[in-house]
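Just below is one structure, and these are the notes that go with it.
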Amino acid sequence: MANTCASEFLDRVLHGQGLMLADGGMGTLIQQAGLAHVHDVPDLLNLTHANEIRDLQHRYVEAGSDCIATNTFSSNRLKLAGTDTNVEELYIAAARIAREAGAPLVAGDIGPTGSLLAPLGQLSFEDAYDVFAEQARAAQAAGCDLIFLETFADLLEAKAALLACLENTSLPVFATMTFGEDGRTFMGTTPAIAATTLSALGASAVGVNCSLGPTEIAPLVTQMASFARCPLMAQPNAGLPRIAEDGTTVYDVDAETFARSMADILQAGARVVGGCCGTTPEHIAALRRLLDEGNWLQESGPGYRPSFVMTSAQELVELAPGGSKLAVVGERINPTGKPRLKEALASGAYDLAVSEAVAQVEAGADILDINAGVPGIDEPRVLRELTERLQATVSAPLQIDSSNPDALEAACRSYAGRPLVNSVTGKAESLATVLPLAARYGATIVGLTLDETGIPPTAKARLAIAERIIDAALGAGLRLEDIAIDCLVMAAATNQPEIPEILEAVRLCKERLGVRTVLGVSNVSFGLPVRPVLNASFLTAALACGLDLPIINPLDGRYRDAIAAFKVINGQDAGCLGYVESMQDAVSASANGSPSGEASASGEPAAVLHDAILTGQRDTAAEATRQLLAAHDAITIAGDVLAPALDEVGLRYDEGSYFLPQLMAAAEAAKSAFDVLAEANGPADATQRNSLPIILATVEGDIHDIGKN
12 MANTCASEFL DRVLHGQGLM LADGGMGTLI QQAGLAHVHD VPDLLNLTHA NEIRDLQHRY
72 VEAGSDCIAT NTFSSNRLKL AGTDTNVEEL YIAAARIARE AGAPLVAGDI GPTGSLLAPL
132 GQLSFEDAYD VFAEQARAAQ AAGCDLIFLE TFADLLEAKA ALLACLENTS LPVFATMTFG
192 EDGRTFMGTT PAIAATTLSA LGASAVGVNC SLGPTEIAPL VTQMASFARC PLMAQPNAGL
252 PRIAEDGTTV YDVDAETFAR SMADILQAGA RVVGGCCGTT PEHIAALRRL LDEGNWLQES
312 GPGYRPSFVM TSAQELVELA PGGSKLAVVG ERINPTGKPR LKEALASGAY DLAVSEAVAQ
372 VEAGADILDI NAGVPGIDEP RVLRELTERL QATVSAPLQI DSSNPDALEA ACRSYAGRPL
432 VNSVTGKAES LATVLPLAAR YGATIVGLTL DETGIPPTAK ARLAIAERII DAALGAGLRL
492 EDIAIDCLVM AAATNQPEIP EILEAVRLCK ERLGVRTVLG VSNVSFGLPV RPVLNASFLT
552 AALACGLDLP IINPLDGRYR DAIAAFKVIN GQDAGCLGYV ESMQDAVSAS ANGSPSGEAS
612 ASGEPAAVLH DAILTGQRDT AAEATRQLLA AHDAITIAGD VLAPALDEVG LRYDEGSYFL
672 PQLMAAAEAA KSAFDVLAEA NGPADATQRN SLPIILATVE GDIHDIGKN
């Protein structure tokens, strides 16, 4: 829905031309007032202690807040289960209280569901969407002027909440996430990834709240500034929390220190500021004085950088304006000409695709193209499941590749990050269906230079189609930096005169249209012998003409050598260190009798099982365990293979190269192996069981519930 704006002041804020002061920690005041233990869900105080909540919020109005968030952080149907209270009546009461407190603007507050989304938890993306949509509709019906999405740690859940608000209301939506001291959420998301994804989806402001104090949050806001295409928001805690001797949580940053520390956040570009846990009306009053005394709109950082950007939940690939950096797209997860992969996708077995993904990333792929175009299958379901499975095992961003708009939407909707959609063409039907989809889900796109007349033979005709695609994309709400053009490589064996035209088309698209360029390089050698030689030569020529995103097989040694050499030439490989390492690997492989670029694997079941655990391949882990049982007992397999593999997973998690999705994928693979061992051992004899029970417990739905289960 199109946004409606409640006031001229809010409109200025939405356009980055005004500063908004939000309120502070409502939970802090509720605790100070002795109301924290009245209800399990503090939001119920809106119904039972309305006067007290009104008085607390009025203190923030008196302190100078421009906007008061409703006391509805936990007002979703999941947390209200068993309370005899519904979502709508809570938002009505909360919005009325905020208005009576004198709030100039009222923001309907929405927090996380409190449940983990699948595959880590039991809550599906669509179920989460429905929960948030109910809250969003209730907030608008209650008369809220905007919506605050606060304290999200899972980018996928934040995406579900943002889409639910945008698609069910006309209110501006401000979305903030919470980060740890390492600068990432517990799912591995960075501020830059959050800013890229949420602002591209359509948030009116994005930012950071909770967990950290203003000093720690300032560099996170700075990271966001280059990637957010909307105003920035920051609501820090009053410092890092500590536990006092009496067991209470204490925040040590006083009001004046808090306000002084917020100067760096304002200079980084924040336009909406306030406080979170530990902050009080005194903190907000001090911040009000800081805002009124400074000329902050003229003292901001460099701001948004119009780059071509795609992300996963944990990794961001950026092609910045004016730069010559290239990003390699791995092509191997495509069933065309691959009978084994075709059979695996048709049967719903994704381990082969996972192994291809891991191998390509290890060989240098920055982005992975994924295609599930197998005749006769439910492509929307398979492409969505494949996307979800790969996101749990590799951190590289995904290029969603399909000619089926329903499949593209199914995969993009539950994608945790900003995908690259491959592709839209110059055909009227494609422009009308794919471009709105890409805009809706905040995706970048690949435009193919073909239309109803086919693929034109000349560079100028390809350029003309590219121009039409760009015009249509801009009209659909995308920006120029969101667009890459594929000038379509033809086979030299059949279309040799077109090869120079393709290279010229790449050059023209870069120079005249200012967009990034894509090519499926290996098409050039189709039907010819010793294809890698021609592929590598064509790749080098295309890179010289301005190719940014070569779609290649990164396992091919000639490709890797050409890429390594070009990164030296374009300055992407500082000090030539990557090239030296690449050539040393090639020399080592040659000395060992292995062709350059071809991975050698023993195929021993123990090694296969070890790798299957590391990469989350459940079916492969189970099969390797069965093979090992032919020569080893279960205790040996568990102790000598599974335990070391899980130890390595733990080390990778500790060092920050693995995140929660990869940890869970490895755990699922290990579980499949243990299930095989348990089945082989048969039911345990009652006399062998310890008579003492072992009890494991966590708070239900808490993240530690994962470990227990």
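Each residue of the sequence shown is one higher than the last, beginning at 12 in my numbering.
Glycine included, every Cβ here is placed at the ideal spot set by N, Cα and C.
Small disclaimer: the values here were computed from a predicted structure and weren't measured.
Item, Value
"With a floor of 4 residues, list each alpha helix (DSSP H) that falls wholly inside the segment 450-500, ordered by position along the chain.", "470-486"
"How would you write the range of the beta strand (DSSP E) that residue 243 sits in, first residue to last?", "243-246"
"Spatial neighbours of residue 304 within its chain, please: CB distance less than 7 Å, with the 5 preceding and 5 following residues excluded, ordered by chain position.", "none"
"Helix, strand or coil for residue 354, going by three-state DSSP, please let me know.", "helix"
"Please determine, among 104, 112 and 103, the residue with the shortest C-alpha to C-alpha distance to residue 73.", "112"
"For residue 170 and residue 212, which I take to be in contact (beta-carbon distance under 8 Å), what is that distance rounded to the nearest angstrom?", "7 Å"
"Is the Cβ-Cβ distance between residue 549 and residue 580 less than 9 Å?", "no"
"Can you grab the Cα-Cα spacing for the pair residue 471 / residue 516, in whole Å?", "7 Å"
"Comparing C-alpha positions only, which one of 165, 558 and 421 sits nearest to residue 672?", "165"
"For the beta strand (DSSP E) containing residue 561, name the first residue and the last one.", "560-563"
"Given residue 70, which residues of its chain have a CB within under 6 Å of its CB, disregarding the five upstream and five downstream residues?", "292"
"Check whether the Cβ atoms of residue 648 and residue 684 sit closer than 9 Å, and answer yes or no.", "yes"
"For residue 59, count neighbouring C-beta atoms within 10 Å of its own C-beta (all shown protein chains included) and say buried if the count is 16 or more, exposed if not.", "exposed"
"My parser needs the alpha helix (DSSP H) runs of 4 or more residues fully inside the segment 55-113; what are they?", "56-59, 61-74 and 98-111"
"Less than 9 Å between the C-beta atoms of residue 276 and residue 338, yes or no?", "no"
"Per DSSP, what kind of secondary structure is residue 393 in: helix, strand or coil?", "helix"
"Which of the three DSSP states is assigned to residue 227 in this structure?", "helix"
"When we look at the beta-carbon of residue 391 and count the other beta-carbons within 10 Å, is it buried (16 or more) or exposed?", "buried"
"Under the three-state reduction of DSSP, which class applies to residue 414: helix, strand or coil?", "coil"
"On the three-pair Cβ rule with 8 Å, is the segment 322-337 touching the segment 364-372?", "no"
"Only counting runs of 3 or more residues, tell me where the beta strand (DSSP E) segments fall wholly within the segment 281-306, in order along the chain.", "281-284"
"Mapping DSSP to helix, strand and coil, what is residue 120?", "strand"
"Would a C-beta distance cut-off of 9 Å place residue 289 and residue 260 closer than the cut-off?", "yes"
"Taking only three categories from DSSP, how would you classify residue 220?", "strand"
"I'd like to know whether the C-beta atoms of residue 237 and residue 313 end up nearer to each other than 9 Å.", "yes"
"Does residue 220 pass the burial test, meaning 16 or more other C-beta atoms within 10 Å, or should it be called exposed?", "buried"
"Taking residue 624 as the reference, which of 224, 674 and 680 has the closest Cα?", "680"
"DSSP on residue 186, reduced to helix/strand/coil?", "strand"
"At what residues does the beta strand (DSSP E) containing residue 627 begin and finish?", "Residue 627 -> no beta strand (DSSP E), and no H or E assigned at all."
"Compute the Euclidean distance between the alpha carbons of residue 539 and residue 409, then round it to the nearest angstrom.", "30 Å"
"CA-CA distance, residue 609 and residue 628?", "At residue 609, the pLDDT of 35 sits below 50, so the modelled position is not reliable; the number obtained from the coordinates is stated separately. About 21 Å."
"Note the first and the last residue of the continuous alpha helix (DSSP H) segment covering residue 571.", "568-580"
"Taking buried to mean at least 16 other C-beta atoms within 10 Å of its own C-beta, is residue 9 buried or exposed?", "Here the chain has residues from 12 to 720 only, and residue 9 is not among them."
"Determine the direct distance from the alpha carbon of residue 57 to that of residue 46, and round the result to whole angstroms.", "11 Å"
"Classify residue 515 as helix, strand or coil using the three-state DSSP reduction.", "helix"
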